[in-house]
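Whatever position you read off the sequence shown (first residue = 1), add 37 for the working numbering.
Glycine included, each C-beta is placed from N, C-alpha and C at the ideal position.
Quick notes on the structure that follows.
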Amino acid sequence: MNILETHALTRRYGDLTAVDGVDLSVSQGEIFGLLGPNGAGKTTVIKMLTTLLPPSGGRAVVAGFDIQRQPSRVRQSIGYVPQLVSVDGTLTGYENLLIFAKLYGVPRSERQARISSSLEFVGLQDAANRMVRGYSGGMMRRLEIALAMLHLPKVLFLDEPTVGLDPLARQLVWQHINSLAGEFRMTVFLTTHFMEEADHLCDRVAIMNLGRVAALGQPDELRASMAKPEATLDEVFAHFTGHQLDNGGDFREISRARRAIARRG
Ligand SMILES: Nc1ncnc2c1ncn2[C@@H]1O[C@H](COP(=O)(O)OP(=O)(O)OP(=O)(O)O)[C@@H](O)[C@H]1O
Ligand SMILES: [Mg+2]
38 MNILETHALT
48 RRYGDLTAVD
58 GVDLSVSQGE
68 IFGLLGPNGA
78 GKTTVIKMLT
88 TLLPPSGGRA
98 VVAGFDIQRQ
108 PSRVRQSIGY
118 VPQLVSVDGT
128 LTGYENLLIF
138 AKLYGVPRSE
148 RQARISSSLE
158 FVGLQDAANR
168 MVRGYSGGMM
178 RRLEIALAML
188 HLPKVLFLDE
198 PTVGLDPLAR
208 QLVWQHINSL
218 AGEFRMTVFL
228 TTHFMEEADH
238 LCDRVAIMNL
248 GRVAALGQPD
258 ELRASMAKPE
268 ATLDEVFAHF
278 TGHQLDNGGD
288 FREISRARRA
298 IARRG
């Protein structure tokens, strides 16, 4: 069963077609990755699927609900970790969770149990009563995941979940994402610039370029389709987008990551 489908999903900003006729389907429990260079349209796809931005054309169904006709039903069924920081640094981790529990309509009688289990899930029990301002980038991202899963959504959207994190913090986030799909049968729809991350985590990936899906499939299928089974996903990415990724990322990516980090501070 498909838990998420898009049909010719399109978004224009003035003359620019940021997302151009995208067709995707994702099945329940799948970890699906959206890859692509800066400006490919990944965040715009996620904003439409989370009902934050209306499409200019096409349609999409998330958790059985049409994003345009039933936006509130969609919102009840999803969790979302945006690209930029979404937690309040002047509150404690616990207070952030309590606000989200109320916002998501978690019944009062279940709140404490849901908050404790979310904190435990991301390993932040001991930091729960500290101000988020003092958290590391990795702890903050884990808190954001805890917030987004508090109401046990069917589909979790993560826009660059590990941007700005060191390798160790990144691996912790990977473990949590894997357990969400494994333990809770959540469907995870994420974007990333890290090919290693996509290879490690995702059942299937779509590589976007200039608003279109340039390639779609399991990482191994994509390698096979370029007749180079030993290709790294970086090479697959370069093959389908014409973009070369160097190890340090490009200037725009780095400055964006740094801006995000500065905002956390
Ligand atoms: N509010 C906006 N108004 C005008 N253009 C926009 C707006 N938001 C995004 N765009 C443009 O739409 C295109 C797609 O942007 P989007 O943020 O979806 O890309 P992305 O794949 O998420 O990129 P990144 O990897 O940098 O996060 C880009 O050319 C961007 O400049
Ligand atoms: Mg983006």
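Asked                                                                                                            : Found
contact_flag[the stretch 269-283, the stretch 93-110] where n(CB pairs < 8 Å) is 3 or more                       : no
Neighbourhood of residue 236 by C-beta, 7 Å cutoff - its chain only, sequence neighbours within 5 removed        : 256, 270
Any non-hydrogen atom of ligand 2 within 6 Å of residue 139 CB                                                   : no
4-residue-minimum alpha helix (DSSP H) runs that sit fully inside the stretch 114-185, ordered along the chain   : 130-140, 145-158
Every unbroken alpha helix (DSSP H) within the stretch 208-273, with a cutoff of 4 residues, ordered by chain    : 232-238, 256-262
Pocket of ligand 2 (residues with CB nearer than 7 Å to any heavy atom), chain order                             : 79, 80, 120, 196, 197, 228
Cβ-based neighbour list, residue 110, same chain, cut-off 7 Å, excluding 5 preceding and 5 following             : 102
Beta-carbon spacing of residue 274, residue 251 below 7 Å                                                        : no
Option nearest residue 118 by Cα separation, candidates 187, 143, 108, 72                                        : 187
Residue 169 vs residue 201 beta-carbon contact at 7 Å                                                            : no
Contact under 7 Å by Cβ, residue 88 with residue 248                                                             : no
Whole-number beta carbon distance between residue 211 and residue 234, since they are thought to touch under 8 Å : 7 Å
is_contact[residue 218, chain D] using C-beta, thresh 7 Å                                                        : As a matter of chain content, chain D is missing from the structure shown, which is built from one protein chain.
DSSP three-state assignment for residue 275, whether helix, strand or coil                                       : helix
Residue 302, DSSP secondary structure in three states                                                            : Below a pLDDT of 50, predicted positions are generally treated as unreliable, and residue 302, at 47, falls in that range; the measurement from the model is reported next regardless. In the structure shown, residue 302 sits in coil (DSSP, three-state: anything other than H, G, I, E or B).
Inter-residue spacing [alpha-carbon to alpha-carbon] between residue 107 and residue 226                         : 20 Å
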